[in-house]
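Q: Sending over a structure as structure tokens; questions will come in a sec.
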Amino acid sequence: MAASRAAISGHERLTAFINAWSGYIPEIYGMSVALRAMRANDAEAAAAWDDRMQAVRHGCAAAVQALAADKMLRSDLNEDVATDLLWSLLSVENWEQLVRDCGWSQRDYESQIGRLAEAALLAPN
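Residue numbers (our numbering): 100 to 224.
Written out as structure tokens, the structure reads:
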């Protein structure tokens, strides 16, 4: 996440955040399965999962704010909606479906999610 925080432009921050989080998902996937399975009946598991996902949301918001500051955010999106879209796009569940269920490679996942995020968020040139 350090590269995202050190980014100079909004587009650079978006790309760095997507790459960092996407690369981290495989490392935490096993734990995420356990926490997601337990959260309905275990308040501590639910709190732990929610805390981590709010941290991801915070990173998404920071990337979106950087895009907006650079006037690169699509004009039909406000920052809250753009953050919602990016956060949903980067969910562990989406990674699970595409990589685990559909058989995508990690490289393909990162590339396609990055392209999709740019298409969804960036203003046309």
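All C-beta atoms, glycine included, are put in the ideal place defined by N, C-alpha and C.
Hey, would you say Gly158 sits closer than 8 Å to Trp120, going by beta carbons?
A: To locate residue 158, count along the sequence shown from 1; it is residue 59. To locate residue 120, count along the sequence shown from 1; it is residue 21. Yes, they are a contact pair.
Q: In three-state DSSP terms, what is Leu189?
A: For the purposes of this step, residue 189 is taken as the residue at position 90 of the sequence shown. Leu189 falls in the coil class under three-state DSSP.
Q: Of all the options Trp186, Ala147, Arg138 and Arg151, which has the alpha carbon lying nearest to the alpha carbon of Ala161?
A: For the purposes of this step, residue 161 is taken as residue 62 along the sequence shown, with counting starting at 1. Nearest C-alpha to Ala161: Trp186.
Q: What are the boundary residues of the alpha helix (DSSP H) that includes Val155?
A: Here residue 155 refers to the residue found at position 56 of the sequence shown. Note, Val155: alpha helix (DSSP H), Ala142 to Ala168.
Q: For Glu126, count the other beta carbons within 10 Å of its own beta carbon; 16 or more makes it buried, fewer makes it exposed. Which is it?
A: Against the sequence shown, residue 126 aligns to sequence position 27. Per the 10 Å Cβ criterion, exposed.
Q: The alpha helix (DSSP H) spanning Glu126 covers which residue range?
A: Translated into positions along the sequence shown, residue 126 becomes position 27. Looking at the DSSP string, the run of the alpha helix (DSSP H) that includes Glu126 is Gly109 to Met137.
Q: I'd like to know if the region 197-206 and the region 167-187 are in contact, where contact means that at least 3 CB-CB pairs between them fall below 8 Å.
A: Below 8 Å, too few C-beta pairs join the region 197-206 and the region 167-187 to call them touching: fewer than three.
Q: I'd like the list of long-range same chain contacts for Met152, defined as Cβ closer than 7 Å, with 5 residues on each side in sequence excluded.
A: Sequence index remark: in the sequence shown, residue 152 carries index 53 (1-based). Taking C-beta separations shorter than 7 Å and ignoring five residues to either side along the sequence, Met152 has no partners in its chain.
Q: Let me make sure I understand the geometry here. Which of Ala222, Ala139, Arg199 and Arg104 has the alpha-carbon closest to that of Asp169?
A: Stepping through the sequence shown from its first residue, residue 169 is reached at position 70. When each option's Cα is compared against that of Asp169, the closest is Ala222.
Q: Going by the beta-carbon positions, is the gap between Ala165 and Gly109 smaller than 8 Å?
A: Sequence index remark: in the sequence shown, residue 165 carries index 66 (1-based). Sequence index remark: in the sequence shown, residue 109 carries index 10 (1-based). It is a contact, given that the beta carbons lie within the stated cut-off.
Q: Could you check the C-alpha separation between Ser174 and Ala218 for me, to the nearest Å?
A: On the sequence shown, residue 174 is found 75 positions in, with the first residue counted as 1. On the sequence shown, residue 218 is found 119 positions in, with the first residue counted as 1. Rounded to the nearest angstrom, the two C-alpha atoms are 13 Å apart.
Q: Among the residues of its own chain, which have a CB less than 7 Å from the CB of Ala145, if the five just before and after it don't count?
A: In the sequence shown, residue 145 corresponds to position 46, counting from 1. Counting only Cβ-Cβ distances below 7 Å, and skipping sequence neighbours, we find Arg138.
Q: Using three-state DSSP, classify Leu221 as helix, strand or coil.
A: Counting from one through the sequence shown, the residue named residue 221 turns up at place 122. Here Leu221 sits in strand by DSSP.
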